[in-house]
Amino acid sequence: MAVLRERVTKVWLVLIALTVVTTWVLSNDVFSPAAAVAGIFLIAALKVRYVMLDFMELRCAPQSVRAVFEGWIVVVIALIGGFWFLTPPVG
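Mind the numbering: the sequence shown is residues 3 to 93 in our numbering, read in order.
Spelled out as structure tokens, the structure:
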């Protein structure tokens with residue numbers, strides 16, 4: 003089938019696999035909470051990047067537009083991660 007050879011199909015399968023890793027592997031008590039949160043943030047950033055590049059078709063966009071969107075991912079993940087890890091635990 004031609005649809006299985008499409009890049010978008012492969013990206014979709016990777017997104018599904020990353021979702022499984024996030025929900026079933028990192029949500030269990032296999033890793034420390036800090037490692038799990040860091041992993042979840044990094045996987046979320048990777049998933050956002052895939053969606054932007056392949057489903058929003060930024061892969062073929064001008065370099066400046068692509069740089070802005072990829073920079074946005076870095077800034078947002080850095081802000082969320084910074085707030086998460088710098089906020090003292092409650093209780």
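Just so you know, even glycine gets a beta-carbon here, dropped at the ideal spot from N, CA and C.
Proximity winner among the options, relative to residue i (alpha-carbon distances)
{"i": "ALA51", "options": "VAL16, LEU28 and SER34", "result": "Note on residue identity: the sequence assigns Arg, not Ala, to residue 51. Measuring from the Cα of ARG51, the nearest candidate turns out to be VAL16."}
{"i": "TRP86", "options": "ALA37, ARG68, VAL67 and ILE75", "result": "ALA37"}
{"i": "MET58", "options": "TRP26, GLY73, VAL10 and VAL77", "result": "VAL10"}
DSSP state of residue i mapped onto helix, strand, coil
{"i": "PHE33", "result": "coil"}
{"i": "MET54", "result": "helix"}
{"i": "GLU59", "result": "coil"}
{"i": "LEU28", "result": "coil"}
Cβ neighbours of residue i in the same chain (closer than 7 Å, five flanking residues each side left out)
{"i": "THR24", "result": "ILE42 and ILE45"}
{"i": "LEU28", "result": "ALA38, GLY41 and ILE42"}
Rounded Cβ spacing between residue i and residue j (contact assumed at less than 8 Å)
{"i": "VAL13", "j": "ASP56", "result": "5 Å"}
{"i": "ALA47", "j": "ILE18", "result": "Contact flag wrong, Cβ pair sits at about 17 Å."}
{"i": "PHE71", "j": "MET54", "result": "5 Å"}
{"i": "LEU60", "j": "ARG68", "result": "5 Å"}
{"i": "GLY20", "j": "LYS49", "result": "According to the sequence shown, residue 20 is Leu rather than Gly. Correct: roughly 6 Å between the Cβ atoms."}
Sequence-distant residues of its chain with Cβ nearer than 8 Å to residue i (five each side left out)
{"i": "VAL5", "result": "THR11"}
Neighbourhood of residue i by C-beta distance below 6 Å, restricted to the same chain and skipping five residues each side
{"i": "ILE79", "result": "PHE43 and ALA47"}
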